[in-house]
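Residue numbers (the working numbering), protein chains in the order written: chain A, 12 to 133; chain B, 148 to 428. Every residue, glycine too, gets a C-beta built ideally from N, C-alpha and C.
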């Protein structure tokens, strides 16, 4: 009778838990990532490293649109710039132009002006 | 009112009578004529009062009518409002998008508090921020920054008192350093903003993604970090193993004790040979 070998066999590969990675939940990681997109310099970093040309990455950006929903929106600490950056990143021509410093600075300016709109001197 | 009228009528009548009597007696008295005129005036006044009175009565009635109309209108309005409210309540709840729009005040306030650390501080003075330009000087404390010749001449930075530093141009180095200056300028221009509504690079680096990157750089595989459920499973396994070990230990000890007793107090050193066949035992 064949006995089951308990020693010396390779252990069954543990399927990676898709919702947990490196001590953080998937939601934590996605929340952090989507909010770091609000920093134009980070977008430039992604563009320079050719992430914005990867179709899988582009699809992931489209998936991240779920943060617009109210039940997820409430977790954003930087809602305005995050959603604006997300919206821009969905557009192809923005992704192509994201490497240019002028565009990045314009984006930074726009974010700054939007955040400070309504404040005058004094 | 009526009596007043009757009195003035009578007076009129009397004076008229007196006058006609005096005329019939061939003794026209002017007094009587004056009396008549006065009586006539009095009568006219009374008539005027009567007219006023009648007008007042009519006005009162008209006002009463208007008041009644208004009352009726109000009642009708209330009835309509009540019915509309009933209808509104009777409408079955609409799609989720409509309900998702409404936010309670508490939620709103708590979210505002949540966002406030990352929002503009109230002490912000916008006029201190320099005007827009592609390249401009950012460092006020450090050495004079070289302005890019093609850009518009920039104004001062946070301090309004430093306009002079921006105008310096070092002619000999512009050609070779132009590109770096431009880059440095736009880097600085973003960094020189007194407040930015997004996480800065150090914040990002200290976050989850930053930690993962650190782990990868250190060679640790982030996938080996166990999730809480997996950790719990591991704990269970370990506990079971430990229990099994302990049980084994107990068994061994018990066996040793038995052997000890069975051997009638033999030295402990002979324990190891307890499993060897001993015909005398």
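Limits of the alpha helix (DSSP H) - the one that residue 217 of chain B falls within:
177 to 237
Near residue 133 of chain A, which residues of its chain fall below 7 Å by C-beta distance, leaving aside the five closest residues on each side in sequence?
Interpretation of residue 133 of chain A is limited by its pLDDT of 42, a score under 50 that renders its predicted location unreliable; the figure taken from the coordinates is listed afterwards. Around residue 133 of chain A: no qualifying Cβ.
May I have the straight-line CA-CA distance separating residue 285 of chain B from residue 59 of chain A, to the nearest angstrom?
Note that residue 285 of chain B scores 38 on pLDDT, short of 50, meaning its location in the model is unreliable; the coordinates nonetheless yield the value given after this. Cα to Cα, residue 285 of chain B sits roughly 24 Å from residue 59 of chain A.
Report yes if the CB atom of residue 134 of chain A is closer than 8 Å to the CB atom of residue 89 of chain A, and no otherwise.
The structure shown does not extend to residue 134 of chain A, since chain A is modelled only from 12 to 133, so the question has no answer here.
Is it a yes or a no for the stretch 214 to 222 of chain B touching the stretch 163 to 183 of chain B, going by three-plus beta-carbon pairs under 8 Å?
no
Would you mind reading off the limits of the alpha helix (DSSP H) that contains residue 168 of chain B?
149 to 171
Which listed residue (B/188, B/164 and B/165) has its alpha carbon closest to that of residue 152 of chain B
B/188
Per the contact definition of three or more C-beta pairs closer than 8 Å, is the stretch 67 to 87 of chain A in contact with the stretch 95 to 102 of chain A?
yes
Where do the ends of the alpha helix (DSSP H) carrying residue 376 of chain B lie?
Segment 375 to 409, the alpha helix (DSSP H) holding residue 376 of chain B.
Identify whether residue 123 of chain A lies in helix, strand or coil by the three-state DSSP scheme.
In this structure, residue 123 of chain A counts as helix in the three-state DSSP scheme.
Chain A partners of residue 356 of chain B, CB-CB under 8 Å?
40, 43, 44 and 47
C-alpha distance - residue 375 of chain B paired with residue 385 of chain B, whole-angstrom precision:
Approximately 15 Å, taken between the alpha carbons.
Could you name the residues of chain B that residue 106 of chain A contacts, counting a contact when the two beta carbons are closer than 9 Å?
Those do not exist, as residue 106 of chain A stays about 19 Å from chain B at its closest Cβ, beyond 9 Å.
Does the stretch 339 to 349 of chain B come into contact with the stretch 25 to 36 of chain A, if we say contact requires no fewer than three beta-carbon pairs (one atom in each stretch) closer than 8 Å?
no
From this set, A/109, A/96 and A/81, which residue's C-alpha is nearest residue 249 of chain B's C-alpha?
A/81
Could you work out which residue in A/52, A/39 and A/38 is closest to residue 349 of chain B when comparing CA atoms only?
If we check each option's Cα against that of residue 349 of chain B, A/52 comes out closest.
Assigned secondary structure, residue 32 of chain A (DSSP; H/G/I helix, E/B strand, else coil):
strand
Rounded straight-line distance, which links the Cα of residue 41 of chain A to that of residue 265 of chain B
19 Å
Would you kindly report the start and end of the unbroken alpha helix (DSSP H) that includes residue 37 of chain A?
37 to 47
Determine whether the Cβ of residue 83 of chain A lies closer than 8 Å to any Cβ atom of chain B.
no
Would the beta-carbon of residue 359 of chain B fall within 8 Å of that of residue 47 of chain A?
Cβ distance not < 8 Å, so residue 359 of chain B and residue 47 of chain A don't count as in contact.
Taking only beta-carbon atoms, is residue 65 of chain A less than 8 Å away from chain B?
By this cut-off, residue 65 of chain A is not an interface position.
State the Cα-Cα distance for the pair residue 112 of chain A and residue 106 of chain A, rounded to the nearest angstrom.
Our two residues, residue 112 of chain A and residue 106 of chain A, have alpha carbons roughly 13 Å apart in a direct line.
Please list, in chain order, the chain B residues whose beta carbon lies closer than 9 Å to that of residue 92 of chain A.
343, 344 and 345
Any idea what DSSP makes of residue 350 of chain B, helix, strand or coil?
helix
Pick out whichever of B/150, B/235 and B/379 has its Cα sitting closest to the Cα of residue 197 of chain B.
Closest in alpha carbon position to residue 197 of chain B, among B/150, B/235 and B/379, is B/150.
Nearest-angstrom Cα separation, counted from residue 396 of chain B out to residue 404 of chain B:
12 Å
Is the Cβ-Cβ distance between residue 194 of chain B and residue 179 of chain B less than 8 Å?
The Cβ atoms of residue 194 of chain B and residue 179 of chain B do not sit closer than 8 Å to each other.
Rounded to whole angstroms, what is the Cα-Cα separation between residue 304 of chain B and residue 69 of chain A?
In this prediction, residue 304 of chain B scores a pLDDT of 37, lower than 50, which makes its location untrustworthy; no coordinate-derived value is stated.
Relative to the C-alpha of residue 109 of chain A, which residue among A/87, A/64 and A/85 is closest?
A/64
Is the Cβ of residue 123 of chain A closer than 8 Å to any Cβ of chain B?
yes
Do you know how far the Cα of residue 117 of chain A is from the Cα of residue 301 of chain B?
Low per-residue confidence applies at residue 301 of chain B: pLDDT is 39, beneath 50, and the placement is therefore not dependable, though the value from the model is reported in the following sentence. Roughly 16 Å separates the two Cα atoms.
Out of A/114, A/44 and A/56, point me to the one whose CA is closest to residue 94 of chain A's CA.
A/44
Please classify residue 35 of chain A as buried or exposed, where buried requires at least 16 other C-beta atoms within 10 Å of its C-beta.
Burial call: buried.
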